[in-house]
Amino acid sequence: MKKWTGRSTVFPTQVAFAGFLIIIAAIFIGGCGFIGKFNVFSRSGKETKQLYKGLEDSKGSLKKILAVLPFENSEQWSRVDLETPLVKELKHSIEKKCRHIRVILPDSPGFPAQFEQLQRQENGGIDNYAVALAGRASGINMVLSDRLISIRYITETKGMLWWKKPRHLARIQMEFAVFHTGTGAKLFDETVIKDIEIKESEGLRIKENEMPDTVPLTEAIADISKTIGEIGDTVFGYIPWEGYVTDADGDRIVLSSGGSIGLKEGKTLDVFSANKVTRGKSGRFMMEGSKIGSITLTSIFPDRSEAVLEEGGPIPPGSAVRLP
79 MKKWTGRSTV
89 FPTQVAFAGF
99 LIIIAAIFIG
109 GCGFIGKFNV
119 FSRSGKETKQ
129 LYKGLEDSKG
139 SLKKILAVLP
149 FENSEQWSRV
159 DLETPLVKEL
169 KHSIEKKCRH
179 IRVILPDSPG
189 FPAQFEQLQR
199 QENGGIDNYA
209 VALAGRASGI
219 NMVLSDRLIS
229 IRYITETKGM
239 LWWKKPRHLA
249 RIQMEFAVFH
259 TGTGAKLFDE
269 TVIKDIEIKE
279 SEGLRIKENE
289 MPDTVPLTEA
299 IADISKTIGE
309 IGDTVFGYIP
319 WEGYVTDADG
329 DRIVLSSGGS
339 IGLKEGKTLD
349 VFSANKVTRG
359 KSGRFMMEGS
369 KIGSITLTSI
379 FPDRSEAVLE
389 EGGPIPPGSA
399 VRLP
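Mapped onto the numbering used here, the consecutive letters of the sequence shown carry residue numbers 79 to 402.
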């Protein structure tokens with residue numbers, strides 16, 4: 079296990095995300111004006127390696143859609159609007175850095191209603207399989223979950239000898255995960271810890287579970303979101319664009335993607351079976367099968383397309399489509 083020292087510490091668990099880690103190192107070593115301490119702890123399972131094995135980075139003309147789930151905030155801070163600065167900065171940072179990504183938020187048109195009330199696994203975690211199915215039906219390629227774990231008051235001593243003085247900090251701990259709707263597996267799963275300097279009086283209010291000054295909290299949340307967005311270019315680009323068949327009637331095929339992501343009439347796409355489901359330690363996953371045909375787009379709408387079968391078939395609903 080490799081350790082990066084300095085203002086941040088990163089524990090990588092997946093070789094496939096080497097570029098992701100390089101970006102993190104570059105940001106932190108170069109210094110981006112973060113307030114206080116900022117740590118990122120990375121986790122991912124063996125299933126992710128297997129599901130993504132052999133896939134290549136894709137930043138073509140077609141945009142991939144990333145949906146940000148409603149912010150989970152079960153702490154006493156639920157009365158503070160931390161979601162607005164978080165999702166606003168996430169969308170801005172991701173779309174600025176990753177021009178091949180379009181971000182949709184809970185208040186965006188077409189946001190899946192299934193994402194408002196998430197299905198859960200027995201351990202309380204998000205049901206990755208249900209998220210994947212809902213995302214595919216809406217033409218979404220990736221789904222980002224964001225959760226506030228805790229805000230704690232801590233003190234530490236800074237300085238040397240008799241020049242030492244206490245520092246009062248609010249320690250914010252958050253968790254981010256990105257699910258790939260093509261397989262149901264996670265692209266990454268990150269716990270982020272950020273310390274911000276506060277007044278002692280504010281720290282005592284946190285300790286007593288009272289409402290602190292929200293200004294440093296919202297600023298810190300925005301900083302965290304900006305960082306997640308900036309490192310996303312490598313992570314989100316790791317998976318090729320995919321579209322999904324929502325309906326099939328003989329040679330007539332309907333896709334859940336349309337002109338908003340760059341599809342045009344006359345474009346030919348390859349179709350792959352996607353009906354194999356496997357179970358891992360962290361949930362159920364979909365495995366892409368062999369090529370079963372090709373289709374040509376005939377009618378394009380903003381978030382839907384119609385196509386005709388060119389070769390192969392039959393094409394069942396749930397099949398995946400890709401650029402040839």
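From the three backbone atoms N, C-alpha and C, an ideal C-beta is built for every residue, glycine too.
Of the candidates S279, I274 and E253, E253 places its Cα closest to the Cα of D267. Annotated three-state conformation of G217 is coil, per DSSP.
Under the criterion of beta carbons closer than 8 angstroms, I299 and P163 qualify as touching, at roughly 5 angstroms. Here T346 is near T374, since their CB atoms are less than 8 angstroms apart. By the neighbour-count criterion, in which 16 or more other beta carbons inside 10 Å mark a residue as buried, T235 falls on the exposed side. Taking the C-beta atoms as reference points, V386 is found no nearer than 8 angstroms to L333. A255 and S351 have their C-alpha atoms roughly 27 angstroms apart. An exposed status is given to N353, since fewer than 16 other beta-carbon atoms sit within 10 Å of its beta-carbon. Runs of beta strand (DSSP E) with 3 or more residues, each lying fully within the stretch 140–228, are found at 142–146 and 179–182, listed in chain order. Distance from the CA of I143 to the CA of R362, rounded to the nearest whole angstrom, comes to 22 angstroms. One Cα belongs to E278, the other to E173, and the distance between them is close to 38 angstroms.
Taken through DSSP and simplified to helix, strand or coil, A298 comes out as helix. For K354, the uninterrupted beta strand (DSSP E) segment begins and ends at K354 to G358. Residue state for G396 is assigned as coil, using DSSP reduced to three classes.
When S377, T376, S338 and G390 are compared, the shortest CA-CA separation from G188 is found for S338. For L282, the three-state secondary structure derived from DSSP is helix. DSSP places G336 outside both helix and strand once states are collapsed to three, so it counts as coil. By the C-beta density criterion, K242 is exposed, having fewer than 16 other C-beta atoms within 10 angstroms.
Bridge partners of G390 according to DSSP: G371. Distance between I274 and A208, taken at the CA atoms: about 36 angstroms. Distances from the alpha-carbon of E384 to those of I306, E280, D224 and G336 put G336 closest.
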